[in-house]
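Asks:
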DNA sequence: AACGGCCCTGAGAGCGTTCTCACGCGCACG
DNA sequence: CGTGCGCGTGAGAACGCTCTCAGGGCCGTT
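Protein chains in written order, with our numbering: chain R, 779 to 1121; chain C, 779 to 1121.
#1: From this set, C:1004, C:887, C:998, which residue's C-alpha is nearest residue 1025 (chain C)'s C-alpha?
#2: Quick check: the segment 929-948 of chain C against the segment 965-977 of chain C, are there 3 or more CB pairs under 8 Å?
#3: If you check the beta carbons only, do residue 1034 (chain C) and residue 1005 (chain C) fall under 8 Å apart?
#4: Within 8 Å (strictly less), CB to CB, does residue 895 (chain R) reach chain C?
#5: When the distance is taken between beta carbons, is residue 915 (chain C) closer than 8 Å to residue 900 (chain C)?
#6: Spell out the partners DSSP gives residue 1026 (chain R) in its beta bridges.
#7: Mind checking which residues open and close the beta strand (DSSP E) that includes residue 1107 (chain R)?
#8: Checking contacts by CB at 8 Å: is residue 829 (chain R) closer than that to chain C?
#9: Is the Cβ-Cβ distance between residue 1090 (chain C) and residue 841 (chain C) less than 8 Å?
#10: Decide if residue 1028 (chain C) is buried, meaning its Cβ has at least 16 other Cβ atoms within 10 Å, or exposed.
#11: Residues of chain C with CB closer than 7 Å to the CB of residue 887 (chain R), please, in chain order.
#12: Would you say residue 1074 (chain C) lies against chain R (beta-carbon separation less than 8 Å)?
#13: What first and last residue would you give for the beta strand (DSSP E) that runs through residue 847 (chain R)?
#14: Note down, one range per segment and in chain order, each beta strand (DSSP E) of at least 3 residues found wholly within the segment 901-948 of chain R.
#15: What residues of chain C sit near residue 1041 (chain R), judged by a beta carbon separation below 8 Å?
#16: Would you say residue 966 (chain C) and residue 1032 (chain C) are within 8 Å of each other, going by their C-beta atoms?
#17: Which same chain residues, not among the five before or five after residue 780 (chain C), have their C-beta less than 8 Å away from its C-beta?
#18: My understanding is that residue 862 (chain C) touches residue 1080 (chain C), with C-beta atoms under 8 Å, so please give their C-beta distance in whole angstroms.
#19: Excluding sequence positions up to five away, which residues of its chain have a Cβ less than 6 Å from the Cβ of residue 868 (chain R)?
#20: Start and end of the beta strand (DSSP E) containing residue 1072 (chain R)?
#21: Express the C-alpha separation of residue 890 (chain R) and residue 919 (chain R) in angstroms, rounding to a whole number.
#22: Cβ of residue 881 (chain R) within 8 Å of Cβ of residue 960 (chain C)?
#23: Mind checking the segment 1005-1024 of chain R against chain C and listing, in chain order, the residues whose C-beta falls within less than 8 Å of any C-beta there?
#24: Which stretch, first to last residue, makes up the alpha helix (DSSP H) that contains residue 1047 (chain R)?
#25: How far does the alpha helix (DSSP H) with residue 884 (chain C) in it extend, from its first residue to its last?
#26: Taking buried to mean at least 16 other C-beta atoms within 10 Å of its own C-beta, is residue 1085 (chain C) buried or exposed?
#27: Assuming residue 1037 (chain R) and residue 1066 (chain C) are in contact, meaning their beta carbons sit under 8 Å apart, how far apart are those beta carbons, in whole angstroms?
#28: In angstroms with no decimal places, state the Cα-to-Cα distance between residue 811 (chain R) and residue 821 (chain R).
#29: Residues of chain R with a CB under 9 Å from the CB of residue 1080 (chain C): which are they?
#30: How about residue 958 (chain C) and residue 1052 (chain C): are their beta carbons less than 8 Å apart?
#31: What is the rounded straight-line gap between the Cα of residue 770 (chain C) and the Cα of residue 990 (chain C)?
#32: Consult DSSP for residue 787 (chain R) and reduce its assignment to one of helix, strand or coil.
#33: Is there a Cβ from chain R that is less than 8 Å from the Cβ of residue 1120 (chain C)?
#34: Using CA coordinates, which residue listed in C:803, C:807, C:816 is at the minimum distance from residue 786 (chain C)?
#35: For residue 1100 (chain R), which beta-bridge partners are listed by DSSP?
#36: What residue from R:877, R:968, R:804 has the CA that sits closest to residue 1002 (chain R)'s CA?
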């Protein structure tokens, strides 16, 4: 019982192929009785349109590519990415659009991916975790392929993007630490070739200045967005400035590393040193004590990415759209928040 | 500069469409000079085969579906899933096969997914995190669509699968605890409608018996594979049997919850209670103390899934293939392993 | 010199859609 | 009663590829 063609359905319904096609695609210019007889035939025969044939003539693919470019595997351990995918799935659910995942983890695969994407196999592309100035978004865009970037795009490229408010989140985190009476606040940054890392750092500096203090370069160390990097950075910071009483880590993973280092150094958290992370991922709940963190809903981010992309595809325009999503500071024990309570 | 067709390439190379097609598909019956001239034309014009047209005639899609059915969002927080995807991507990389992600998180989306998959849009399907006796694998199989299940398939269905050695891993974990001199070993299980949870529990029981001890139902509590569930289960266990000196949790997430509960109850880990988790996910390194855990490489699992599926598709047979991957116990501080050292 | 075989090639049909165009019908209008 | 128009419909080309089949060229054999 394989899938019947339009032709077969047409015969069964006593009409022409064209009419069946019209019914399938919801054209209004079909007599009600024709429509009903076609619908009955479709139901009986279990007809499903052949996507390839449709694509061949319409030049639409009804699928979008999601590119995760992560050569280092860096963010891959980070669970945030699964959530984004779920969000994208949710954003796509209302439409018959499918999601093609393109992993590119080596220069070789990167070339393949680029070829695939420019080969007209997808109607649009969502790009992720870009580094430095990856030329891919502009390259795709110049080929007329709608593109949306998750996170800030590299180096002011003229590309649509959906991002979290990294800047505002960092400020909220630092203000919180200041309100807790902390005076020597350090930061562990991400790799500064990633826009999100840069922006979080700038938020940190701005909040420090806004409080009338002078940023101190000694209170800053890169943790590379990894757990180990965070741990090492914390060790360096403690050695350099033993009087640190608070740390803002630009990711939960790095915050977890910092907690280990603090523990090893015999500092109590939050009594001696308060710690705030960023992402509010599952990791924030697994640490001891539970980690205060800047929450960003990656699922909402994903949904928004899908929306913006679909909008761009539908409009067929070259309008660059920007969406910045709010973040929210979740206070837990690591920064002296509610000692127990809502985890 | 849109993508040229076979026709255009043929004209440029001074041959017919058929010959170009032969070159593209690597047919050996092409004169060397024809081939070269075609290859040159392809390179110059930037030709890429149109997949839709190809699919239309060959009835191959060159794409496989990966279904993540996770209505509860339960495993989604778990980062393991990103790794599996990466593995699948790696397994597919050698071939021009793309990966279509199908998220189904509601009964509605589930129906859509089933329709999509049976609609002939993919050459094969990888299924994930199935519950109870999900009929989907058998349904697809009966429609002639190659299927591979990640993890144990529901209820002895006759379906290919790739699984980790949950049984052996659990035994290794418990044996380790026994060797450490622990005498009252409890377990926190996953939801017993999931095969992996059942198997890990059976491994636990078997190891207990193999040591000449008698399993005690009081030393067993379900944690539902969630962090909160693990915490609650640990509280229940401590209340029921205050003399517990070791816990085997069937997932890292639950182990993390158990650590919180132990901490709250003033028990020292590992001095008073040793803890071993399962999965060796990123969480195992974020806990304090670092968690001993049964390691399973989800990336290898993913790669193997892709391999088995491709094999089945190529062979066009209905042979049911089973692959069981080794697990390995990683000992860290939570079970009294190396006090520092390799994290 | 005629013939069979092999190697390479090209013509052309066909895959299942969509979409343009033209046609037949019924109706209102002049 | 002819003309024009809108509505619903069908015929048929087109999309870009694969694959079968037939045929031309060249060899060795009889």
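The beta-carbon is built from N, C-alpha and C at its ideal position, and this holds for glycine as well.
Replies: In short, the structure shows the following:
#1: Translated into the one-based positions of the second chain, residue 1025 (chain C) becomes position 247. Checked all of C:1004, C:887, C:998; the closest Cα to residue 1025 (chain C) is C:998.
#2: yes
#3: Start at 1 with the first residue of the second chain, and residue 1034 (chain C) comes out as number 256. Start at 1 with the first residue of the second chain, and residue 1005 (chain C) comes out as number 227. Yes. Within cutoff.
#4: Here residue 895 (chain R) refers to the residue found at position 117 when the first chain is read from its first residue. Answer no: the Cβ-Cβ gap between residue 895 (chain R) and chain C never drops below 8 Å.
#5: To locate residue 900 (chain C), count along the second chain from 1; it is residue 122. To locate residue 915 (chain C), count along the second chain from 1; it is residue 137. Not a contact, by the Cβ cut-off of 8 Å.
#6: Taking the first residue of the first chain as position 1, residue 1026 (chain R) is located at position 248. R:965, R:1054.
#7: Within the first chain, residue 1107 (chain R) is the residue found at index 329, counting from 1. Segment 1106-1108, the beta strand (DSSP E) holding residue 1107 (chain R).
#8: Locating residue 829 (chain R) in the first chain gives position 51, counting from the first residue. Answer yes: the Cβ-Cβ gap between residue 829 (chain R) and chain C drops below 8 Å somewhere.
#9: Taking the second chain and counting its residues from 1, one reaches residue 1090 (chain C) at position 312. Taking the second chain and counting its residues from 1, one reaches residue 841 (chain C) at position 63. Taking 8 Å as the Cβ cut-off, residue 1090 (chain C) and residue 841 (chain C) do not qualify as a contacting pair.
#10: The sequence position of residue 1028 (chain C) within the second chain is 250, counting from 1. With 16 or more Cβ atoms within 10 Å of its Cβ, residue 1028 (chain C) is classed as buried.
#11: On the first chain, position 109 is the one that residue 887 (chain R) refers to. Under the 7 Å cutoff, chain C gives 871.
#12: As a working note, residue 1074 (chain C) is residue 296 in the second chain. It does not: the Cβ of residue 1074 (chain C) has no partner Cβ on chain R nearer than 8 Å.
#13: Taking the first residue of the first chain as 1, we reach residue 847 (chain R) at position 69. Taken as a continuous stretch (DSSP letters only), the beta strand (DSSP E) holding residue 847 (chain R) covers 841-847.
#14: 902-906, 925-928, 938-942
#15: Within the first chain, residue 1041 (chain R) is the residue found at index 263, counting from 1. The contacting residues are 1066.
#16: Numbered from its first residue, the second chain carries residue 966 (chain C) at position 188. Numbered from its first residue, the second chain carries residue 1032 (chain C) at position 254. For residue 966 (chain C) and residue 1032 (chain C), yes; Cβs fall inside 8 Å.
#17: Translated into positions along the second chain, residue 780 (chain C) becomes position 2. Closer than 8 Å at the Cβ level, and outside the excluded window around residue 780 (chain C), lies no residue.
#18: Your numbering for residue 862 (chain C) matches position 84 in the second chain. Your numbering for residue 1080 (chain C) matches position 302 in the second chain. 4 Å between Cβ atoms; contact.
#19: Here residue 868 (chain R) refers to the residue found at position 90 of the first chain. Result list for residue 868 (chain R): 1081, in chain order.
#20: To locate residue 1072 (chain R), count along the first chain from 1; it is residue 294. From DSSP, the beta strand (DSSP E) with residue 1072 (chain R) extends over 1070-1073.
#21: In the first chain, counting from the first residue as 1, residue 919 (chain R) sits at position 141. In the first chain, counting from the first residue as 1, residue 890 (chain R) sits at position 112. If I take the Cα positions, the gap works out to 17 Å.
#22: Taking the first residue of the first chain as position 1, residue 881 (chain R) is located at position 103. Taking the first residue of the second chain as position 1, residue 960 (chain C) is located at position 182. In this structure, residue 960 (chain C) does not lie closer than 8 Å to residue 881 (chain R) by Cβ.
#23: 1005, 1006
#24: Your numbering for residue 1047 (chain R) matches position 269 in the first chain. Counting along the chain, residue 1047 (chain R) falls outside any alpha helix (DSSP H), and DSSP gives it neither H nor E.
#25: Residue 884 (chain C) sits at position 106 when you count from the first residue of the second chain. Where residue 884 (chain C) is concerned, there is no enclosing alpha helix (DSSP H), given that its DSSP letter is neither H nor E.
#26: Walking along the second chain from the start, residue 1085 (chain C) turns up at place 307. So residue 1085 (chain C) ends up on the buried side.
#27: For the purposes of this step, residue 1037 (chain R) is taken as the residue at position 259 of the first chain. For the purposes of this step, residue 1066 (chain C) is taken as the residue at position 288 of the second chain. Contact flag correct, Cβ pair sits at about 7 Å.
#28: Counting from one through the first chain, the residue named residue 811 (chain R) turns up at place 33. Counting from one through the first chain, the residue named residue 821 (chain R) turns up at place 43. When rounded, the distance between both Cα atoms is 15 Å.
#29: As a working note, residue 1080 (chain C) is residue 302 in the second chain. Chain R residues near residue 1080 (chain C): none, gap ~10 Å exceeds 9 Å.
#30: Mapped onto the second chain, residue 958 (chain C) falls at position 180. Mapped onto the second chain, residue 1052 (chain C) falls at position 274. Yes; because the gap between Cβ atoms is below 8 Å, this pair is in contact.
#31: Because chain C in this structure spans residues 779 to 1121, residue 770 (chain C) falls outside the shown range and cannot be described.
#32: Translated into the one-based positions of the first chain, residue 787 (chain R) becomes position 9. Helix at residue 787 (chain R).
#33: What you label residue 1120 (chain C) is simply residue 342 of the second chain in a count that begins at 1. Model confidence at residue 1120 (chain C) stands at a pLDDT of 36, short of 50, so the residue's coordinates are unreliable and nothing is read from them.
#34: To locate residue 786 (chain C), count along the second chain from 1; it is residue 8. Out of C:803, C:807, C:816, C:816 has the C-alpha closest to the C-alpha of residue 786 (chain C).
#35: Here residue 1100 (chain R) refers to the residue found at position 322 when the first chain is read from its first residue. Residue 1100 (chain R) is bridged to R:939.
#36: Looking up residue 1002 (chain R) in the first chain gives position 224. Here the closest residue by C-alpha is R:968.
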